[in-house]
Amino acid sequence: MGEKILMKGNEAIAEAAIKAGCRYFFGYPITPQNALPEYMSRRLPEVGGVFLQAESEVAASNMVYGAAGAGARVLTSSSSPGISLKMEGISYIAGAELPAVIVNMMRGGPGLGGIQPSQSDYFQATKGGGHGDYRLVVLAPSSVQEAVDLTMEAFEIADRYRNPVMIVGDGIIGQMMEPVEFKKEIDPADLPKKDWATDGAKGREKNVINSLFLDPRELEKHNLKLKAKYDKMKEKEVRYETYKMDDAELVIVAYGTTARIALSAIELAREKGIKVGLIRPISLFPFPEKIIAEAAGKVNSFLVVEMSAGQMVEDVRLAVNGKKEVYFYGRTGGMVPSPEEIVEEIVKIGGAIK
Amino acid sequence: MKLVAGYPDSLTEKPFHYCPGCTHGIIHRLVAEVIDELGIREETIGVAPVGCSVLAYEYFDVDMFEASHGRAPAVATGVKRVHPDKIVFTYQGDGDLASIGTAEIIHAANRGEKITTIFVNNAIYGMTGGQMAPTTLVGQKTTTSPFGRDTNTAGHPIKISEMLSVLDGSAYIARVSVHDPKHIRQAKKAIKKAFQVQIEGKGFALVEVLSACPTNWGMAPVEAVKWLADNMVPTYPLGEFKEVE
Amino acid sequence: MEQVKRVVFDEERCKGCELCTTVCPKNIVKMADRINSHGYHPAEVAAQEECISCGLCAMICPDVVIRVYRPE
Numbered sequence: 001m002g003e004k005i006l007m008k009g010n011e012a013i014a015e016a017a018i019k020a021g022c023r024y025f026f027g028y029p030i031t032p033q034n035a036l037p038e039y040m041s042r043r044l045p046e047v048g049g050v051f052l053q054a055e056s057e058v059a060a061s062n063m064v065y066g067a068a069g070a071g072a073r074v075l076t077s078s079s080s081p082g083i084s085l086k087m088e089g090i091s092y093i094a095g096a097e098l099p100a101v102i103v104n105m106m107r108g109g110p111g112l113g114g115i116q117p118s119q120s121d122y123f124q125a126t127k128g129g130g131h132g133d134y135r136l137v138v139l140a141p142s143s144v145q146e147a148v149d150l151t152m153e154a155f156e157i158a159d160r161y162r163n164p165v166m167i168v169g170d171g172i173i174g175q176m177m178e179p180v181e182f183k184k185e186i187d188p189a190d191l192p193k194k195d196w197a198t199d200g201a202k203g204r205e206k207n208v209i210n211s212l213f214l215d216p217r218e219l220e221k222h223n224l225k226l227k228a229k230y231d232k233m234k235e236k237e238v239r240y241e242t243y244k245m246d247d248a249e250l251v252i253v254a255y256g257t258t259a260r261i262a263l264s265a266i267e268l269a270r271e272k273g274i275k276v277g278l279i280r281p282i283s284l285f286p287f288p289e290k291i292i293a294e295a296a297g298k299v300n301s302f303l304v305v306e307m308s309a310g311q312m313v314e315d316v317r318l319a320v321n322g323k324k325e326v327y328f329y330g331r332t333g334g335m336v337p338s339p340e341e342i343v344e345e346i347v348k349i350g351g352a353i354k
Numbered sequence: 001m002k003l004v005a006g007y008p009d010s011l012t013e014k015p016f017h018y019c020p021g022c023t024h025g026i027i028h029r030l031v032a033e034v035i036d037e038l039g040i041r042e043e044t045i046g047v048a049p050v051g052c053s054v055l056a057y058e059y060f061d062v063d064m065f066e067a068s069h070g071r072a073p074a075v076a077t078g079v080k081r082v083h084p085d086k087i088v089f090t091y092q093g094d095g096d097l098a099s100i101g102t103a104e105i106i107h108a109a110n111r112g113e114k115i116t117t118i119f120v121n122n123a124i125y126g127m128t129g130g131q132m133a134p135t136t137l138v139g140q141k142t143t144t145s146p147f148g149r150d151t152n153t154a155g156h157p158i159k160i161s162e163m164l165s166v167l168d169g170s171a172y173i174a175r176v177s178v179h180d181p182k183h184i185r186q187a188k189k190a191i192k193k194a195f196q197v198q199i200e201g202k203g204f205a206l207v208e209v210l211s212a213c214p215t216n217w218g219m220a221p222v223e224a225v226k227w228l229a230d231n232m233v234p235t236y237p238l239g240e241f242k243e244v245e
Numbered sequence: 001m002e003q004v005k006r007v008v009f010d011e012e013r014c015k016g017c018e019l020c021t022t023v024c025p026k027n028i029v030k031m032a033d034r035i036n037s038h039g040y041h042p043a044e045v046a047a048q049e050e051c052i053s054c055g056l057c058a059m060i061c062p063d064v065v066i067r068v069y070r071p072e
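Residue numbers (the numbering used here), protein chains in the order written: chain A, 1 to 354; chain B, 1 to 245; chain C, 1 to 72.
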């Protein structure tokens, strides 16, 4: 370890899962994330794990439910239309409080959409997606190294809260190659035993993995228990990065691939004398609302840049709470914004400030 | 005095919520007796479906899952792959297994997933109030086939045991009934075999159990088991469809 | 001979479906006139001395109401 190797995002995430002690993968092919299951199909048998190509995403997510309930660290990956199908299982996993990690390499939608990079599943990932009052922890890496680190962390968070965690990327994060380092390796045998898991009721009361509560009082109690968990996540699991915020007059809020592009736009804007900074949410849920609210007291305006028609911008507006103007620039359908386009927007807003 | 018929250890004390005369209770007891007799109670993990037997996880005194509608074989697959040394079974009705869950059961069988499925076929949706099932008989009246099932518009009774027995991954497939003691005895034998097949690692095993739904058939229980014998058995022939040595 | 019952009904579990009454070779399983706390007439065997401990009533009972014993 400590050695840097050049890896594709999709494969790096797969290897990171293995290094995190994950030995089970259930999935279904869909572009642009196929390199991930393909890697797992080669690697998992080498480490005594199981790769299973399911008959559908619906089945795959329910296999994840089974494996997670049986006590294992388990991964599934897909892209937007496939994630929609997995929502059945994800809602049950959240309802039954099981830990699992789901990767969504987002592509353009709605419907079959396209296969190019997109961030149009923000609502689906952060606001539920499936039915019922639940949340996923949603992590959005903007580099392959960060994808590795967050994947490993995702398994810890999932176990800590007994809650599914979603990693969201796109075809760019999934397919680009960058040098990565795996900082640790966990042997699944060393992981703490899950006393709630189903592995045969030997010398103990039986365990039940369930999300059914027919008595509304019981279901409300369950929902409040889940909410307390989500509140704790909001307290403890917020992750973000800031860049050149000290003197910023305008702040870009962007995540994942778009945040990388924003960095170039910030340099170009600063060359023109416009002081621009960046807040990059790394956890999309819990959303880094405090840092944004704080920034609202200092900067003149916000520009939210997304590869969507405007989804995260709603959370930014809630955090800013009317204190400053929040502008939006988005490209959709698989179109990727260029730094120059973003600078153009910045210049327009700069005009509006004066 | 020696106990001839008692209460299986693998059932909890909780009384079943099933309607009077519903033969789910018989099938639950048979499964529990088989688990007891094979001495696998502490090794067994069950998966309950959505439908009348949704609460099966409260009745079997083994580790249990409650699955989403039709996905029990996928859930069982996840469990079995993590614990290949444990015994995993699903308990599913006809709406669950033969309608919404057809993809999951066919592929679990085709993969030769080493699980046991108890498939309860009562030719109707019970929990939701008596709608037509894929297994509803031709001409049978239900709340969504009020003039009787018409094959022109609603197709034919689906024959799951026949379908699954042609797949190379299935190791044991049988159809049994619980309408009288003789058939109950045969049903238990088949259920036991279906668990033994799993213990021996031979592949996928399924027992389709023809079952009565007095409430939604609109019959007294005694009349319902007779109707089952007279009408369901001719449509769904009993027997072992597949047994891999 | 001491009076020991061969067939015992957990009456509170009984839902009065009557399936047990149809399979008894001795025709001694009857529905009681009384009702249990759920409002069902439970099945019973008054003529215990006629019971042959065949277990068929227990076998067809959908609610695991019946325990059957045989003298050793």
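Virtual Cβ for every residue (Gly too), placed ideally from N, Cα, C.
| Query | Result |
| --- | --- |
| Whole angstroms are fine: how far does the CA of F65 of chain B sit from the CA of I115 of chain B? | 14 Å |
| How would you call I199 of chain B, buried or exposed, if buried means at least 16 neighbouring beta carbons within 10 angstroms? | exposed |
| What residues of chain B sit near R67 of chain C, judged by a beta carbon separation below 8 Å? | L3, A5, G6, Y7 |
| Closest to I18 of chain A by CA distance: which of A:K221, A:R160, A:E156 is it? | A:E156 |
| Compare the beta carbon distance of I13 of chain A and V148 of chain A with 8 Å and say whether it is the shorter of the two. | yes |
| From this set, B:I87, B:I27, B:I105, B:G39, which residue's C-alpha is nearest K188 of chain B's C-alpha? | B:I27 |
| Please list, in chain order, the residues of the segment 49-63 of chain A that have any C-beta partner in chain B closer than 9 Å. | V50, L52, A54, E55, S56, V58, A59, A60, S61, N62, M63 |
| For E241 of chain A, list the residues DSSP reports as bridge partners. | A:R280 |
| Taking the alpha helix (DSSP H) that M177 of chain A belongs to, which residues open and close that run? | That residue, M177 of chain A, is in no alpha helix (DSSP H); its beta strand (DSSP E) goes 177-180. |
| Give me the subset of the segment 17-29 of chain A whose CB atoms are less than 8 Å from a CB atom of chain B, sorted by chain position. | Y24, F26 |
| Can you name the residues of chain A whose CB is closer than 7 Å to the CB of K226 of chain B? | The contacting residues do not exist; K226 of chain B stays about 33 Å from chain A at best. |
| Would you say V59 of chain C lies against chain B (beta-carbon separation less than 8 Å)? | For clarity, residue 59 of chain C is Met in the given sequence; the question names Val instead. For M59 of chain C, the answer is yes, since a Cβ of chain B falls inside 8 Å of its Cβ. |
| Can you tell which of A:T126, A:M176, A:S118 has its C-alpha closest to the C-alpha of E146 of chain A? | A:M176 |
| Go to L263 of chain A, then tell me how far its alpha helix (DSSP H) extends in each direction, as first and last residue. | 256-271 |
| In chain order, which continuous runs of the alpha helix (DSSP H) of length 4 or greater are located wholly inside the segment 90-128 of chain A? | 122-126 |
| How about Y240 of chain A and I266 of chain A: do their beta carbons lie closer than 8 Å? | no |
| Between the Cα of M233 of chain A and those of A:R107, A:H222, A:R162, spot the shortest distance and give me the residue it belongs to. | A:R162 |
| Mind checking if E46 of chain A is an interface residue toward chain B, Cβ cutoff 8 Å exclusive? | no |
| Give the residues of chain B in contact with S211 of chain A, contact being defined as C-beta atoms less than 9 Å apart. | E66, S68 |
| Report the rounded CA-to-CA distance for T151 of chain A versus F328 of chain A, giving the unit in angstroms. | 29 Å |
| So, does the CB of D61 of chain B fall closer than 8 Å to a CB anywhere in chain A? | yes |
| Taking S161 of chain B as part of the alpha helix (DSSP H), name the residues at either end of that continuous run. | 160-165 |
| Helix, strand or coil for K354 of chain A, going by three-state DSSP, please let me know. | Caution is warranted here: a pLDDT of 45 is assigned to K354 of chain A, below 50, making its placement in the model unreliable, and the coordinate value is therefore given only provisionally. Correct three-state label for K354 of chain A: coil. |
| Along the segment 192-218 of chain A, what residues have a CB closer than 8 Å to any CB found in chain B? | T198, D199, G200, A201, K202, G203, K206, N207, V208, I209, N210, S211, L212 |
| Does the distance between the C-beta of H69 of chain B and the nearest non-hydrogen atom of the ligand COA fall short of 7 Å? | This structure lacks the ligand COA, and indeed carries no ligand of any kind. |
| Would you mind telling me which residues of chain A sit closer than 8 Å to I45 of chain B, beta carbon to beta carbon, in chain order? | A70, T198, D199, G200 |
| For A154 of chain A, I'd like the list of residues in its chain whose CB is within less than 7 Å of its CB, leaving aside the five on either flank, ordered along the chain. | V101, L139, V165, I167 |
| Could you give the DSSP three-state label for Y236 of chain B: helix, strand or coil? | coil |
| To the nearest angstrom, how far is it from the Cα of L52 of chain A to the Cα of S143 of chain A? | 28 Å |
| Tell me which residue opens and which closes the beta strand (DSSP E) that M166 of chain A is part of. | 164-170 |
| Tell me the rounded alpha-carbon separation between Q116 of chain A and I342 of chain A. | 20 Å |
| At the 8 Å Cβ level, is A14 of chain A part of the contact set with chain B, yes or no? | no |
| Taking Cβ to Cβ, would you say V207 of chain B is nearer than 8 Å to F119 of chain B? | yes |
| Could you tell me how far apart the beta carbons of E104 of chain B and G70 of chain B are, in whole angstroms, since I believe they sit closer than 8 Å? | 6 Å |
| Of all Cβ atoms in chain B, is any one closer than 8 Å to the Cβ of G129 of chain A? | no |
| Would you please verify whether the beta carbon of A67 of chain A is less than 8 Å from any beta carbon of chain B? | yes |
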